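**Q** Protein chains in written order, with the working numbering: chain R, 10 to 350; chain U, 19 to 357.
Structure below; questions to follow.
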Amino acid sequence: MSTGGSLLEIEDLSISYLVDGIPLRGLRGVSLDLARNRILGVVGESGSGKSTLSFAITRLLPSNARIDEGSIRFEGQDLVKADMTTLETLRGDRIAMVFQDPLSSLHPCLTIGQQMSDAQRAHRRIGAGERRARSAEMLDTVGIAEAEQNLGRFPHEFSGGMRQRIMIAMSLLLQPDLLIADEPTSALDVLLQGQIIALLNGLRERLGTAVMIVSHDLGVIGEAADDVLVMYAGETMEYSPVGQIFAQPLHPYTEALLAVMPGRKARGRPLPTIPGRVPSASETSLGCAFAGRCERARSVCHANRPVYSAVGERRVRCHIYDPLSGWHVAPETGQREGAPT
Amino acid sequence: MSAASYPGQPLVEVRGLSTCFGSEGTGLTGLFKPEVPALRAVDDVDLVVMPGQIVGLVGESGSGKTTLGRTILGLEKPAGGDVRFAGRSLVGLGSGELRLLRRRMQMIPQDSAASLSPRMNVSQLLGEVYDIRRTPKDKRRSAAELLSMVELGSEHANKYPHELSGGQAKRVSIARALAMEPDFIVADEPTSGLDVSAVAAIINLLMRLRSQLRISYLFITHDLDAVAYMADVIAVMYLGKIVEAGPAEQLAEAPRHPYTQSLMNAVSRPGEERRPWLAIRGDIPSPRFPPSGCRFHTRCPFAQPLCREQEPKQEESGPGHRTACHFWREIASGSHLIQ
């Protein structure tokens, strides 16, 4: 797993939000590695901590968030300990972020050209002419025609898909090493989704950018990502190369997510759902966070928190894959069961 | 239910319906005539919804789906054509009569959370529907009853919108639509922005309500898998026109129009190969300046000179299946491949 080539290494990251003085769960012991030239897909339901994770990497968490422990290493440098000056030089330059809603992330009263120019001026000493040329070139890269002319337009003059591509163009102006895209396609229709995925893939190939895509759409993740991280209630449940996770999910939660994934379903029969709901941030459990909704949960799952253990090159947080957890001792018979395949 | 009193008759019948934004509707002439042409968001659309039927309306953002839904409900003024509900034309109906008829036609708005007032709790939000319609107290369904219809516990009655999850807010929206005991609901993107698990649960709920209450839906979505699962009939819209419509299974399995084919091909399903020649290039053109001839010709992989010049008519391309494409036969037989 952990190779020397990692661009981003997160270890045991825990974050809580203080609400009325009470700490609520944000992230709980999250670890991940992301190498250059790789696309990592982060999936999970609302409230799973996906966005907290992306804001933590850029250290753009709201003021009531507290990093309790853990490290976020970007090229070896721990961003948890980094000061504001260091963060400001990294953000927008080496680490770029594309947010879910392109309209609210673009300034409504400035032209696209001005905004793209400002993004460069904040980090580089380049003349206005060159900034404009670079902006036009980047718009062209993301497939926006008549780039020169479009630089003079305002955000409201573009369609949703174009705005999202403008956001991506803007984030790539300074050729970042890491691009974090939070739900980049969820506001878009299928045709635009396909375009954005193709765009991200192409950029990775051309620029060697490492990309982290956060999405609740497994279809998008399946198509765009090399590796998948499944999150639930602020914890990492499974990490796996994309092909394997679809062919053979390890965690019961991953299995449930795949079962409810939209797709061609037989008409006339109710669709499968995951019963129950994600535990709220104030609910803490001693055991596995998913135990309350898991069909295979046994008493140990409610009592002890499973460890994030390695299964080959994959990792999974589930008692089923831990022979020492006690899960395999069936409650009725006391007989040991074989681990499921 | 009143819908059942029209057996075999369409519940909603749309003929030649157009909706314009901008100059055409303004009635201004001469010096004051606006220079920009009107935007025909809906252009000469025919659509029929039978009692108890689910009609899926799909197409890219900007194709006019929501405007069509709103025009059918009388929320936009049509520039031409007719909408009939249970046999009665809504065009030219007096406002009093329209109000009465409109109780039976409801809408589930796209952004449920935003459509619920943040200052009202769920119980007030449900009562508000009756207050607006001045429904007598004894004819009102209780909040608990409406909530149970959408599978929410009565403990939600005292919650405020910010305390609800996306799926729960959507259910409250559905409950508001159900309050007036409608025969017809326009559901505008009821599943967008929800978690995968919540999407499946909302679809199951809408299907159960349909079979229990015999409600017809116009289901507006860009989730093609959902529409293939739910709808009886699918209509595909592009730049204000319906380019293809037919029985859902047939249309999903064997789409005739190259636009529908591209849409179906664009759905990402892990492990399934896409057909690269069907990838649509570029963006949807501005509906203010629609392309000549077939509106799709600027993006169509099969476009011929004829497509630029002449607008295709709707042709019968299967039982109950209509396609507006000059070359659907050639494309279907594969004899007409990419240039």
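For each residue, glycine too, the CB sits at the ideal point set by N, CA and C.
Computed from a prediction, not measured in an experiment: that's the story for all the values here.
Curious, which full-length beta strand (DSSP E) runs of at least 3 residues does the region 91 to 148 of chain R contain?
**A** Here the runs fully enclosed are 104 to 107.
**Q** Does any C-beta atom of chain R lie closer than 8 Å to the C-beta of residue 221(U)?
**A** By this cut-off, residue 221(U) is an interface position.
**Q** Is the shortest distance between the beta-carbon of residue 232(R) and the beta-carbons of chain U less than 8 Å?
**A** It does; some Cβ of chain U falls within 8 Å.
**Q** What three-state label does DSSP hand residue 189(U) in the structure shown?
**A** Note: residue 189(U) maps to helix in three-state DSSP.
**Q** Would the region 65 to 85 of chain R count as touching the region 99 to 111 of chain R if we require 3 or more Cβ pairs under 8 Å?
**A** In short, these stretches touch, since the Cβ pair count reaches three.
**Q** Step through the CB atoms of chain R and report whether any lies within less than 8 Å of the CB of residue 19(U).
**A** Low local confidence applies: a pLDDT of 40 at residue 19(U) is under 50, so the model's placement there is unreliable, with the coordinate-based value given in what follows. No, no contact with chain R.
**Q** Can you confirm whether the region 234 to 253 of chain R touches the region 32 to 41 of chain R when touching is taken to mean that 3 or more C-beta pairs between the two stretches lie within less than 8 Å?
**A** Yes, the region 32 to 41 of chain R is in contact with the region 234 to 253 of chain R.
**Q** Which residues share a DSSP beta bridge with residue 37(U)?
**A** According to DSSP, residue 37(U) bridges with 60(U).
**Q** Could you compute how far the alpha carbon of residue 337(U) sits from the alpha carbon of residue 267(U)?
**A** Distance between the alpha carbons of residue 337(U) and residue 267(U): 12 Å.
**Q** Compute the Euclidean distance between the alpha carbons of residue 265(R) and residue 304(R), then round it to the nearest angstrom.
**A** So the alpha carbons of these two residues sit roughly 10 Å apart.
**Q** Report the residue from 215(R), 255(R), 288(R) and 66(R) whose alpha carbon sits nearest the alpha carbon of residue 42(R).
**A** Comparing Cα positions, the closest option is 66(R).
**Q** Rounded to the nearest angstrom, what separates residue 75(U) and residue 236(U) at their Cα positions?
**A** Distance between the alpha carbons of residue 75(U) and residue 236(U): 7 Å.
**Q** Could you work out which residue in 93(U), 100(U) and 197(U) is closest to residue 149(U) when comparing CA atoms only?
**A** Of the listed residues, the one whose Cα sits closest to residue 149(U) is 197(U).
**Q** At which residues does the alpha helix (DSSP H) containing residue 83(U) begin and terminate?
**A** Start and end: 83 to 90.
**Q** By Cβ distance, which residues of its chain are closer than 7 Å to residue 58(U), with the 5 residues on each side in sequence left out?
**A** Only 36, 38, 258 and 305 meet the Cβ criterion.
**Q** Starting from the N-terminal side, write out each stretch of the beta strand (DSSP E) that is 3 residues or longer and does not extend beyond the region 173 to 259 of chain U.
**A** Entirely contained in the region 173 to 259 of chain U, the beta strand (DSSP E) runs reaching 3 residues are, in chain order, 202 to 206, 234 to 238 and 251 to 256.
**Q** Please compile the residues from chain U whose C-beta is within a distance smaller than 9 Å of the C-beta of residue 351(R).
**A** Because chain R spans 10 through 350 in this model, residue 351(R) falls outside it and cannot be assessed.
**Q** Going along chain R, which residues have a C-beta under 7 Å from residue 227(U)?
**A** In chain order: nothing, as chain R lies at least about 13 Å away.
**Q** Taking 8 Å as the cut-off, decide whether the C-beta atoms of residue 263(U) and residue 282(U) are in contact.
**A** No, the pair does not count as a contact, with Cβ atoms beyond the cut-off.
**Q** Should residue 93(R) be labelled buried (16 or more other beta-carbon atoms within 10 Å of its own) or exposed?
**A** Answer is exposed; the Cβ neighbour count stays below 16.
**Q** Measuring CA to CA, which of 315(R), 284(R), 286(R) and 285(R) is closest to residue 296(R)?
**A** When each option's Cα is compared against that of residue 296(R), the closest is 315(R).
**Q** Output, in chain order, the set of chain U residues within a Cβ distance shorter than 7 Å of residue 281(R).
**A** Ordered by position in chain U, the residues that pass the 7 Å Cβ test against residue 281(R) are 218.
**Q** Grouping DSSP H, G and I as helix and E and B as strand, with all else coil, what is residue 333(U)?
**A** Residue 333(U) falls in the strand class under three-state DSSP.
**Q** So what does DSSP say about residue 339(U), is it helix, strand or coil?
**A** Strand.
**Q** Identify the continuous alpha helix (DSSP H) that holds residue 141(U) and give its terminal residues.
**A** It spans 140 to 151 - the alpha helix (DSSP H) in which residue 141(U) sits, taken as one unbroken run.
**Q** Along the region 70 to 87 of chain U, where does the CB come closer than 7 Å to a CB of chain R? Name the residues.
**A** Against chain R - using a Cβ distance shorter than 7 Å - the residues of the region 70 to 87 of chain U are 78, 79 and 80.
**Q** Can you pull the chain U residues whose beta carbon is under 7 Å from the beta carbon of residue 199(R), in chain order?
**A** Ordered by position in chain U, the residues that pass the 7 Å Cβ test against residue 199(R) are 240, 242, 281, 284 and 285.
**Q** Note the first and the last residue of the continuous beta strand (DSSP E) segment covering residue 25(R).
**A** From DSSP, the beta strand (DSSP E) with residue 25(R) extends over 15 to 28.
**Q** Write down the C-beta distance between residue 193(U) and residue 165(U) rounded to the nearest angstrom, noting that I regard them as a contact closer than 8 Å.
**A** 6 Å between Cβ atoms; contact.
**Q** Taking only the alpha-carbon atoms, compute the straight-line gap between residue 21(R) and residue 318(R) and give it to the nearest angstrom.
**A** Distance between the alpha carbons of residue 21(R) and residue 318(R): 13 Å.
**Q** Taking the C-alpha atoms as reference points, what is the distance between residue 56(R) and residue 327(U)?
**A** Approximately 52 Å, taken between the alpha carbons.
**Q** Determine whether the Cβ of residue 107(R) lies closer than 8 Å to any Cβ atom of chain U.
**A** Taking Cβ atoms only, chain U never reaches closer than 8 Å to residue 107(R), which makes this a no.
**Q** Since residue 176(R) sits in a beta bridge, which residues does DSSP pair it with?
**A** DSSP lists no partner for residue 176(R).
**Q** What runs of the beta strand (DSSP E), each 3 residues or longer, lie entirely inside the region 202 to 238 of chain R?
**A** As far as the region 202 to 238 of chain R is concerned, its whole beta strand (DSSP E) runs of at least 3 residues are 219 to 224.
**Q** Buried or exposed for residue 293(R), please, with buried defined as at least 16 other CB atoms from any protein chain shown within 10 angstroms of its CB.
**A** Classification for residue 293(R): exposed.
**Q** Which residues share a DSSP beta bridge with residue 250(R)?
**A** Answer is 236(R), bridged to residue 250(R).
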